[in-house]
Amino acid sequence: MNIVLARLWPVYLAYALSQFGNWAFRAGFVYALYDQQNGSNSVLGWTIVLVYVPVLLGGKLLSPWTDRFDSRRTLIWIDISRAVLLLPLLFVHNFTDSGIVVMSLIIVMILSLFTPVFSSAQSVYIRKQIDEEHITPALAVVSNLDWLCTLIGTMCGPLLLIYLDFQKIVFIDLLTFAASIVIFWALLQKNTGGKQAPPSVESTKQAAAPTSKLINLAVLSIFFLNLGAGVINLYPNVIARNVYGVGEIGLSYVYVANGLGGLLGALLIVQLRKKFQLIHIVGVASLCIALSLFLMGLLNQFTVSIIASSLMLLFGQLFGVGVHSYLLKNNPVSQTGRITGLFMYATFSGVALNAILFATLLSKASVEMLSLFLTLCAGSAGISAVLLLVYVLLKSHAAKKEQTLAADPLKPI
Numbered sequence: 001m002n003i004v005l006a007r008l009w010p011v012y013l014a015y016a017l018s019q020f021g022n023w024a025f026r027a028g029f030v031y032a033l034y035d036q037q038n039g040s041n042s043v044l045g046w047t048i049v050l051v052y053v054p055v056l057l058g059g060k061l062l063s064p065w066t067d068r069f070d071s072r073r074t075l076i077w078i079d080i081s082r083a084v085l086l087l088p089l090l091f092v093h094n095f096t097d098s099g100i101v102v103m104s105l106i107i108v109m110i111l112s113l114f115t116p117v118f119s120s121a122q123s124v125y126i127r128k129q130i131d132e133e134h135i136t137p138a139l140a141v142v143s144n145l146d147w148l149c150t151l152i153g154t155m156c157g158p159l160l161l162i163y164l165d166f167q168k169i170v171f172i173d174l175l176t177f178a179a180s181i182v183i184f185w186a187l188l189q190k191n192t193g194g195k196q197a198p199p200s201v202e203s204t205k206q207a208a209a210p211t212s213k214l215i216n217l218a219v220l221s222i223f224f225l226n227l228g229a230g231v232i233n234l235y236p237n238v239i240a241r242n243v244y245g246v247g248e249i250g251l252s253y254v255y256v257a258n259g260l261g262g263l264l265g266a267l268l269i270v271q272l273r274k275k276f277q278l279i280h281i282v283g284v285a286s287l288c289i290a291l292s293l294f295l296m297g298l299l300n301q302f303t304v305s306i307i308a309s310s311l312m313l314l315f316g317q318l319f320g321v322g323v324h325s326y327l328l329k330n331n332p333v334s335q336t337g338r339i340t341g342l343f344m345y346a347t348f349s350g351v352a353l354n355a356i357l358f359a360t361l362l363s364k365a366s367v368e369m370l371s372l373f374l375t376l377c378a379g380s381a382g383i384s385a386v387l388l389l390v391y392v393l394l395k396s397h398a399a400k401k402e403q404t405l406a407a408d409p410l411k412p413i
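Residue numbers for the sequence shown follow full-length UniProt numbering, beginning at 1 and rising by one.
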């Protein structure tokens, strides 16, 4: 871990600053829009869709390009682009006008398009600076920062709306992007990610199919897991406003608990990976996520809902960091950006579909329907666990076949 921090601390510092501003801005934006549209579940659902579908597209279409360019320069240009995009929002005073809402959502959509590209460029940089043994600790630090920034940023977002207007939250986000740019520019001058060497014929074939069919089964599992767990993006706002009526203060409590759960999960994965195989950790985590989602659907006590959602995010970190590390370890370094994009594509396609179903099926606030929806989400996480079990069995069978072939190449299998 000390080696990881010594080599990558500038990346982590810049990432922490930009993520804090991002989460404070997004939490403030979503809650402000949701509240000024009279707590409409439909508006909330489609807002989440418009925020996350671009992430899906960026992960699939743009992330592979990060393998071809200098990762440090890519990170700098993404921060500059995001800062420029935020400038028009400095002049937004409210979200009652439909034109303002449309413009703001377009800007947020484009910002979201950059999210997987930034993550992929960062993964490329990290993967080139450390050896395979340190991949999981390095990604765990990213997740720790992610959830620490989520904890502070999402807690601050709704609370800042009480004391500050929306423009000031946007300005804070701009400052964090500016600081991130300065750090990347000043501290990484002598330590660039380097350009990828021209691809060989073999690597070109791997680019067309970066993972085997078995790995694709794991990716499908990621999709189903997030099809269920993606409800966490909607859950805090809905229970705070429509189920328990606790407002901004209660919403901040939910975000604090969720952030702590995610932070603990990212810390725990570093220790667990020393004793267990990553794929086994991921499988158990998916089952625990299904149970947590079921408990989230009870909706009988605010405290139970907070604890269940916090546990869901704890196990979500075990799943996310574990499966991402596994995919990176089992694919060539030259495919790091593409693999990270594939991971994010599977993740956010599940999240986006969850939000679409939420907006379609729960256009009106109904505790009973919300409870049923969360139960179905638990079922989706259960499917993910089954797919991972099938993956482990097939992978074990394939490994035995390879060992048999290596021992006696002439013996038919």
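Just so you know, even glycine gets a beta-carbon here, dropped at the ideal spot from N, CA and C.
Reference Tyr34; option with closest CA among Leu251, Phe348 and Val351: Sorting Leu251, Phe348 and Val351 by C-alpha distance to the C-alpha of Tyr34 places Leu251 at the top.
Expected contact under 8 Å - CB spacing of Ser325 and Ile135 to nearest Å: Contact flag correct, Cβ pair sits at about 5 Å.
Rounded C-alpha distance that separates Asn237 from Ala27: Distance from the CA atom of Asn237 to the CA atom of Ala27, rounded to whole angstroms, is 10 Å.
Validate contact between the region 105 to 112 and the region 81 to 92 using beta carbons, cut 8 Å, 3 pairs: Verdict: yes, contact present.
Nearest-angstrom Cα separation, counted from Gln335 out to Val117: The alpha-carbon separation between Val117 and Gln335 amounts to approximately 14 Å.
Local Cβ density within 10 Å of Asp79, reported as buried at 16 or more and exposed below that: Counting the other CB atoms within 10 Å of its CB gives Asp79 a total of 16 or more, which places it among the buried residues.
Whether Ile126 touches Ile3 by CB criterion (9 Å): The Cβ-Cβ distance between Ile126 and Ile3 does not fall below 9 Å.
Unbroken alpha helix (DSSP H) run spanning Pro236, endpoints: Its alpha helix (DSSP H) spans residues Tyr235 to Val238.
Terminal residues of the alpha helix (DSSP H) in which Asn134 lies: Reading off the sequence, residue 134 comes out as His, not Asn. DSSP places His134 outside any alpha helix (DSSP H), giving it a letter other than H or E.
Any 3 or more C-beta pairs closer than 8 Å across the region 218 to 237 and the region 372 to 379: Segments in contact, yes.
At least three beta-carbon pairs within less than 8 Å, the region 334 to 354 to the region 292 to 303: Contact fails: fewer than three Cβ-Cβ distances are below 8 Å.
Collapsed DSSP secondary structure at Ser366 in the structure displayed: Coil, per DSSP.
Local Cβ density within 10 Å of Gly193, reported as buried at 16 or more and exposed below that: Bear in mind that a pLDDT of 44 at Gly193, under 50, signals an unreliable position, so the number given afterwards is only what the model happens to contain. Using a 10 angstroms sphere on the CB of Gly193, the tally of other CB atoms reaches 16 or more, which defines it as buried.
Stretch pair the region 12 to 23 + the region 301 to 319: three plus CB contacts closer than 8 Å: Contact between the region 12 to 23 and the region 301 to 319 is not established, with fewer than three Cβ pairs separated by less than 8 Å.
Nearest-angstrom Cα separation, counted from Leu75 out to Ser63: Approximately 12 Å between the Cα atoms of the pair.
DSSP three-state assignment for His280, whether helix, strand or coil: Taken through DSSP and simplified to helix, strand or coil, His280 comes out as helix.
Under 9 Å between C-beta atoms of Thr115 and Val55: A contact, by the Cβ cut-off of 9 Å.
Coil, strand or helix - Arg72 by DSSP: The answer is helix: DSSP assigns Arg72 an H, G or I state.
Beta-carbon proximity check, Val390 vs Leu217, cutoff 9 Å: In this structure, Leu217 lies closer than 9 Å to Val390 by Cβ.
Classification of Val102 by the beta-carbon crowding that lies within 10 angstroms, buried from 16 upward: Per the 10 Å Cβ criterion, exposed.
Residue from Cys149, Gly337 and Trp9 with nearest C-alpha to Tyr255: From the listed residues Cys149, Gly337 and Trp9, the smallest Cα separation to Tyr255 is found for Cys149.
Residue closest to Val11, alpha-carbon to alpha-carbon, out of Ile183, Gly245 and Asp173: The residue with the shortest Cα to Cα distance from Val11 is Ile183.
Buried or exposed by the 16-neighbour rule on C-beta atoms within 10 Å, applied to Asp173: So Asp173 ends up on the buried side.
Delimiting residues of the alpha helix (DSSP H) encompassing Val323: According to the DSSP assignment, Val323 belongs to the alpha helix (DSSP H) that extends over Phe302 to Lys329.
Nearest to Gly341 (by Cα), restricted to the options Asp67, Val51 and Leu5: Checking every option, the nearest Cα to that of Gly341 belongs to Asp67.
Span of the alpha helix (DSSP H) around Tyr255: Unbroken alpha helix (DSSP H) run through Tyr255: Gly247 to Leu272.
Enclosing alpha helix (DSSP H) for Ile356 [first to last residue]: That run of the alpha helix (DSSP H) goes Thr336 to Leu361.
Cα-Cα separation between Leu92 and Ile106, rounded to whole angstroms: Strictly speaking, residue 92 in this sequence is Val, with Leu absent from that position. Just so you know, the alpha carbons of Val92 and Ile106 end up roughly 14 Å apart.
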